[in-house]
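Chains as they are written, first to last, in this note's numbering: chain A, 100 to 181; chain B, 7 to 202. For reference, the structure is listed below as structure tokens.
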Amino acid sequence: MDRSLLITLIVMIALTFVGALFSKLGVGGLRWIPLAIMALASTKFILVAFRFMELNKAHVFWRASVVFICVLLAVLVGTLAN
Amino acid sequence: MSKDEALAIDHRNIFYPPGGILLWVIIFVELLTYGLGLLALVHYGRLEPEVFHQSRLQLNTSIGTFNTVVLLTSGFFMAMAVKLFREGKFAQASTYLKLTMAGGGIFMVFKCYEYFEKLSAGVALDENMFFTLYWMLTVFHLAHVLVGMVILTYFLVKIKKAATSIDLLDLESGAAFWHMCDVIWILLFPALYLIF
């Protein structure tokens with residue numbers, strides 16, 4: 100079993116639970132919670148793209164485009180959801 | 007394309023991203039489509055914050071979280087299958103393909119259970135704007151998972167019959183499609199289940 104892929108998976112599962120936990124905190128109306136949750140989601144997105152889809156081996160155009168779209172969506176959704 | 011030729015591809019070349027350029031164009035189109043869906047979700051969420059909050063609370067976050075873990079794990083199995091196939095360990099690659107599909111199957115079963123729960127409670131597409139978008143986005147995503155399962159079934163059958171005849175680039179493209187389902191769900195899950 101590939102150790103680095105396994106570590107990536109464990110990190111992503113941990114981030115999933117942290118996101119769900121943040122959501123419970125958000126019941127009190129903390130405005131930064133949606134943005135924090137989307138930031139965690141975008142981290143998982145980038146990990147899947149770069150580790151599982153092997154985008155780390157790709158041309159900088161593809162790497163930059165994926166990071167740009169992912170961060171843009173996370174920021175827009177996380178900010179506008181407030 | 008032979009396995010050696012596929013292994014010799016320089017992915018740093020802009021025209022040869024891992025999985026193939028066609029698949030990445032599809033991935034970007036899908037991201038754009040789902041991105042617009044998510045922006046519509048937050049737009050309407052701003053217009054009706056209380057409706058969206060109450061609707062979000064009706065969703066089963068435990069099932070959503072479990073399904074996220076299942077999809078991530080199946081993505082890990084898929085990455086392992088490609089790695090082992092490249093190394094010529096076809097029997098092990100086949101096992102990981104089966105595990106990947108098992109993950110997809112579990113995801114679909116739990117999603118269908120969630121749909122059954124909602125429909126039994128009378129929560130359909132026309133309930134309110136939150137649920138209109140919930141049904142549209144998640145059913146569309148489920149259809150992608152189903153297509154991914156068909157693609158994986160094709161590779162599983164082929165790897166059993168004649169593993170060496172499988173084009174590595176084709177397998178990488180199939181894997182990229184499966185991971186695309188992963189990344190889309192990674193965005194859908196928090197937007198629908200957590201942030202409102």
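Every residue gets a Cβ at the ideal spot worked out from N, C-alpha and C, and that includes glycine.
Listed from N- to C-terminal order along the chain, which residues in the region 85–103 of chain B have their beta-carbon within a distance smaller than 7 Å of any beta-carbon of chain A?
Ala85, Met86, Lys89
So which residues of chain B does A:Val176 contact, with C-beta pairs closer than 9 Å?
Gly41, Leu44, Leu45, Leu47, Val48, Leu193, Pro196, Ala197, Ile201
Throw me the rounded Cβ distance for the A:Leu179 and B:Arg52 pair, which I believe falls under 8 Å.
6 Å
If you measure between the beta carbons of B:Phe202 and B:Phe21, is that distance less than 8 Å?
no
Within the same chain, show all residues whose beta-carbon is closer than 7 Å to that of A:Ala135, passing over the 5 residues directly before and after it, in chain order.
Phe121
Grouping DSSP H, G and I as helix and E and B as strand, with all else coil, what is B:Ile15?
Note: B:Ile15 maps to coil in three-state DSSP.
Would you decide whether A:Cys169 is buried or exposed? Buried here means 16 or more other CB atoms lie within 10 Å of its CB.
buried
If I follow the unbroken alpha helix (DSSP H) through A:Leu129, where does it start and stop?
Unbroken run through A:Leu129: none, as it is neither H nor E.
Looking at B:Ala149 and B:Leu29, is the spacing between their C-beta atoms short of 8 Å?
no
So A:Trp131 contacts chain B; which residues on that side make the cut at Cβ distance below 7 Å?
By Cβ distance, chain B contributes nothing, its closest Cβ being about 11 Å from A:Trp131, past 7 Å.
Would you say B:Met107 and B:Leu158 are within 8 Å of each other, going by their C-beta atoms?
yes
Select from B:Phe122, B:Gly25, B:Leu37 the residue whose C-alpha is nearest the C-alpha of A:Phe144.
B:Leu37
Could you please give the first and the last residue of the uninterrupted alpha helix (DSSP H) stretch that includes B:Gly26?
That residue, B:Gly26, is in no alpha helix (DSSP H); it is neither H nor E in DSSP.
If you count every other CB in all the chains shown that lies within 10 Å of the CB of A:Leu124, and 16 or more means buried, which is it?
exposed
Check whether chain B comes within 8 Å of A:Ala119, counting only Cβ atoms and requiring the distance to be less than that.
yes
Look up B:Val129 in the DSSP assignment and say whether it is helix, strand or coil.
coil
Which runs of the alpha helix (DSSP H) spanning at least 4 residues fall entirely within the region 24–76 of chain B, listed in chain order?
Entirely contained in the region 24–76 of chain B, the alpha helix (DSSP H) runs reaching 4 residues are, in chain order, 27–53, 55–64.
Is A:Ile109 buried or exposed, if buried means 16 or more other CB atoms sit within 10 Å of its CB?
exposed
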